[in-house]
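Colleague: The sequence shown lines up with residues -23 to -1, 1 to 544 when you count with mature numbering (1 follows the signal peptide of the UniProt record, and there is no 0).
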Amino acid sequence: VAKMHFLIAVFTLIVLTSYGTMCSNEVKIQLGLTTIYLGWKADYADQSVLFTVTQSKKRLEYIIIGFSDHGHQNGSDICIYQNGQLKDAFIDDTFQIQFDRSQDCQLVVNRRKMFQFRRRFSTCDPKDFAFETGTTQFIIAGGYEFTTNFQEEKVMKGTQYGLLLEPPISIEPLESDGVSFKILADGTLVPSNATTYWCIIRRIPGVVADRKHHIIKMNALVKSGNEHIVHHMEIFLCESDNQIERSEDCNDMMMDEEARSCSHVIAAWATGEGPINYPYEAGLPLGGQTGKKYLKVEIHYNNLRLQAGIFDESGFVFFVTPNLRKYDAGIMEVGLIYSDANSIPPRQRDFPLTGHCIADCTKKLPNEGIYVFASQLHAHLSGRRIFTSHYREGVKIGEINRDDHYNTKWQHLAHIRPYVHILQGDTLSTTCVYETLSKNEVTLGGYGIKEEMCVNYLYYFPASEVEVCKSAVDNETLHTYFDNMLGIHERNLPTHLKFASVPWSARNVLSLKELYSTAPLNINCYGKDGALFPNHPRNWTAVPQPRVFVSPSKKHKDRMECAALND
């Protein structure tokens, strides 16, 4: 049993006088003694991005700014600045730098420690990276002596992440009568296990508990030096106020009935994400005569090196105001149920899994529907692309969020403008595309970092009773598939062992894809109390997959029309 740490709550009341920008259009990296600053500004009229590169202290002989599809250095598009000139190049599969026939990096300004260049969103060069919404993975490199071998030790390099085509969102100033408080894992000894979920329950400050407030901003605080083990965190409201302040392994905490009531998720954070800001129309309710008084912070520690003796003080700071906004806000989790029923065969370049939020569940939304103002996509190490499609009466009418260059090392909150209006009876389908080329075993769905998830956290208003709306292939159908299609007749064999015993030929992979696309579903349609909504005609099991259709007109261009590195 994990040692329990009963901690003193850390509450700091602060007058709110300032606020931060929504997202940065600049990254920096240290290359030896030189700090490189890379800034950018998108010009939608010109369909181009203007980059500004500044170096401090000792100047480098050359600087490389590159764009990678999924963080790999080989197969990347680069612009090389040297001796006042800029050249368009490409890192081939053997890490050799090859100069492009078409020179598409256009030098605009050239100064001693700063230069600017412009690149079109798309150049129709198959060796150039086409700029898209979602994550951009920058390769920043340089040195004191140029070489065409990118793997040489004298090439200093690193990777940074940003959003090229999402401009900063203007944020309302925080109210002057607001306060803030923190909930931290103050001094927690991180277990020397690969995966630990640690939970902290705290009562909110009295000044907030006595009168209804709105949370208008939340910011994650990760202890310096622990960035490598704090993978993601979630915040929950406790339905019961009969709580004991505690900090312990979540598995131990869940043995207590009162602690189990802390199941209403209100926010999620993952590596790379900035603060969560609420729009001027809405705030997250807290406190007051009928409001909740306790919060739970859940921290996923990803301690792959099994390190011992690490103490953590990570958590959240909450900014709240008694000046209530028009609507109460909520958060809804859509995608796949955390289950080994959702698993990925080995050696796959792009294997899709889709979780559905079906019409039977969205019918529980308010009569006027809800408005989504932010979205956070989440998968683990094998995730490469994630998107959520929005269907009405079976026809796709748009997407809530998409990231075709997803990287679990940098997960950001996407601010949705204009807001997406979801009505009762709509369907939301979240698809994750996984790559398992280097794996020889099945990647199981589950909670661990080496397992996989597929989730979209939707921030919206007005608040509804629906908290979770996810799916997985029906268990009985899955076991029948193993029995009839794959000849695995041991009914009581656990699912993960059945997956492990399959020879994953192309034919078997295709049959599994077909199963996932057509089989009945088990649905998690949970309310704020963490329980399934009652009185469903099928009790939310073996529910037919939603019949949804995508218009062929949605395709903007054929991949052969204007080639790009990331096609």
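A virtual CB, placed ideally from N, CA and C, is assigned to each residue, including glycine. Remember, predicted model here, so these are calculated numbers, not experimental data.
Can you say whether Glu310 is buried or exposed, counting buried as having 16 or more other CB atoms within 10 angstroms of its CB?
Modeller: When all chains shown are included, Glu310 counts as buried.
Colleague: Please state whether DSSP places Glu234 in a helix, a strand or coil.
Modeller: Here Glu234 sits in helix by DSSP.
Colleague: Hey, is Trp517's beta-carbon within less than 8 Å of any beta-carbon in chain D?
Modeller: Looking at the structure shown, chain D is missing, and only one protein chain is on hand.
Colleague: Could you pull out every unbroken beta strand (DSSP E) segment of at least 3 residues lying fully inside the region 460 to 538, listed in chain order?
Modeller: Listed in chain order, they are 498 to 504.
Colleague: Under the three-state reduction of DSSP, which class applies to Leu342: helix, strand or coil?
Modeller: Leu342: coil per DSSP, three-state reduction.
Colleague: Verify whether the separation of the beta carbon atoms of Val85 and Leu27 is less than 8 Å.
Modeller: Cβ atoms of Val85 and Leu27: closer than 8 Å.
Colleague: List the endpoints of the continuous alpha helix (DSSP H) containing Val185.
Modeller: Gly183 to Ala186 is the extent of the alpha helix (DSSP H) around Val185.
Colleague: In the structure shown, what three-state DSSP assignment does Cys56 receive?
Modeller: Of the three classes helix, strand and coil, the one that applies to Cys56 here is strand, per DSSP.
Colleague: Should Thr(-3) be labelled buried (16 or more other beta-carbon atoms within 10 Å of its own) or exposed?
Modeller: Unreliable placement is indicated for Thr(-3), whose pLDDT of 33 sits below 50; the coordinate value is still reported in the next sentence. Exposed.
Colleague: May I have the straight-line CA-CA distance separating Asp69 from Gln128, to the nearest angstrom?
Modeller: One C-alpha to the other measures close to 11 Å.
Colleague: Closest to Leu330 by C-alpha separation, out of Leu281, Ser494 and Asp46, would be which residue?
Modeller: The candidate whose alpha carbon is nearest that of Leu330 is Ser494.
Colleague: Mapping the DSSP letters down to three states, classify Asp70 as helix, strand or coil.
Modeller: Asp70: coil per DSSP, three-state reduction.
Colleague: Buried or exposed for residue 557, going by 16 or more other Cβ atoms inside 10 Å?
Modeller: Coverage of the chain is limited to positions -23 through 544, which leaves residue 557 absent and any answer about it impossible.
Colleague: By the three-class DSSP mapping on this structure, what secondary structure does Asp226 have?
Modeller: Asp226 falls in the strand class under three-state DSSP.
Colleague: Span of the beta strand (DSSP E) holding Leu435?
Modeller: Element bounds for Leu435: Val432 to Phe438.
Colleague: Throw me the rounded Cβ distance for the Ser320 and Phe476 pair, which I believe falls under 8 Å.
Modeller: Confirmed, about 5 Å.
Colleague: For Arg394, is the classification buried or exposed, using 16 other Cβ atoms within 10 angstroms of its Cβ as the cut-off for buried?
Modeller: Under this definition Arg394 is an exposed residue.
Colleague: Reducing DSSP to helix, strand and coil, say where Glu376 ends up.
Modeller: Strand.
Colleague: Going along the chain, which residues of its own chain have a beta-carbon closer than 8 Å to the beta-carbon of Ile287, five neighbours each way excluded?
Modeller: Only Leu166, Val167, Asn203, Ile206 and Asn280 meet the Cβ criterion.
Colleague: Tell me whether Ala336 sits in a helix, a strand or coil according to DSSP, three-state version.
Modeller: Correct three-state label for Ala336: helix.
Colleague: DSSP has Ser291 in a bridge; who is on the other side?
Modeller: DSSP output for Ser291 lists no bridge partner at all.
Colleague: Just checking my contact of Phe106 with Thr136 at CB under 8 Å: how many whole Å lie between their CB atoms?
Modeller: No, Phe106 and Thr136 are not in contact; Cβ-Cβ is about 14 Å, not under 8 Å.
Colleague: Would you mind sorting Leu474 into buried or exposed? The rule is 16 or more other CB atoms within 10 Å of its CB.
Modeller: Flag for Leu474 reads exposed.
Colleague: According to DSSP, what are the bridge partners of Phe28?
Modeller: Phe28 pairs with Trp17 and Phe94.
Colleague: Name the DSSP bridge partner or partners of Gln62?
Modeller: In the DSSP output, where bridge partners are listed per residue, Gln62 has Gln59.
Colleague: Just the C-alpha distance for Leu(-8) and Pro343, rounded to the nearest angstrom, thanks.
Modeller: Note that Leu(-8) scores a pLDDT of 33, beneath 50, so its modelled location is shaky and nothing firm can be said.
Colleague: Between the alpha carbons of Leu498 and Val450, how many angstroms are there, rounded?
Modeller: About 5 Å.
Colleague: For a quick check, are the C-beta atoms of Leu354 and Asn378 less than 8 Å apart?
Modeller: Yes, Cβ-Cβ distance for Leu354 and Asn378 is below 8 Å.
Colleague: Once DSSP output is grouped into helix, strand and coil, what is the label at residue 556?
Modeller: Since the first residue of the chain shown is -23 and the last is 544, residue 556 is not available in this structure.
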